[in-house]
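Just so it is clear: in the sequence shown, position 122 is 1081 by my numbering, and no numbers are missing. Every residue, glycine too, gets a C-beta built ideally from N, C-alpha and C. Each remark here refers to the structure printed beneath this line.
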Amino acid sequence: MDGFTLRHLTLAVALSTSMGMAFAATSNDFVDSAAAGGIAEIETSRLALEKSKSADIKAFANMMITDHGKANDELAALAKKNDIEVPDTTTLVKQAKEKILEVRDESFDAAYANNQVKAHEDTIELFKKEANTVTDDKVKGGTELKAFAQKMLPALEKHLGMAKKLQAAHPSK
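Below is the structure:
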């Protein structure tokens, strides 16, 4: 894999943090950050399908696209139901593609696996914070978003465990 290709791997963890902060002016920080992180997962996984030759990386990437796509759809429906503004998907995809992973001597597969571990650790932290929030009926959709976060945590934990196995199978050189 050439350096040019490696430099174009998107970094989901930077996306979930910086993109979430970029949309903090909208109605709900959790919705903003979760939507941005979900889009980042999908975009990095699409790149993995294109660039990786490893069956385990491709299987994981397909699962990320499916699972995070469903979660994003559910989050968007909850936000719409509660009149919470959701960042524009086109904007999020554009920003996801603009974020670049700085790779030293890692292979694409190692970079993707390391990225997925860090991204899922950060996402779990975000969802735990929302799941443990004391909700108040005055906050738009607060109870439903808390329930959504609680429901998604087991899948995110499972993804993290799988990402750690990928990381072990594709170590950085």
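- The beta carbons of Met1111 and Gln1075 sit no closer together than 9 Å.
- For Gly1120, the uninterrupted alpha helix (DSSP H) run begins and ends at 1101–1128, by DSSP.
- When DSSP states are grouped into helix, strand and coil, Ser1131 belongs to the coil group.
- Per DSSP, the unbroken alpha helix (DSSP H) holding Asn1073 starts and ends at 1067–1090.
- Setting aside the 5 residues that flank it on each side, Asp1026 is surrounded in the same chain by Ala1114, His1118, each with a C-beta closer than 8 Å to its C-beta; the list follows chain order.
- Contact annotation: Ala1070 and Ser1131 have beta-carbon atoms nearer than 9 Å.
- Glu1002 sits buried, since 16 or more C-beta atoms from the chains shown fall within 10 Å of its C-beta.
- When C-beta atoms of the stretch 985–996 are compared with those of the stretch 1080–1093, three or more pairs fall below 8 Å, so the two segments count as touching.
- Within the stretch 1005–1043, the complete alpha helix (DSSP H) runs of at least 4 residues fall at 1014–1040.
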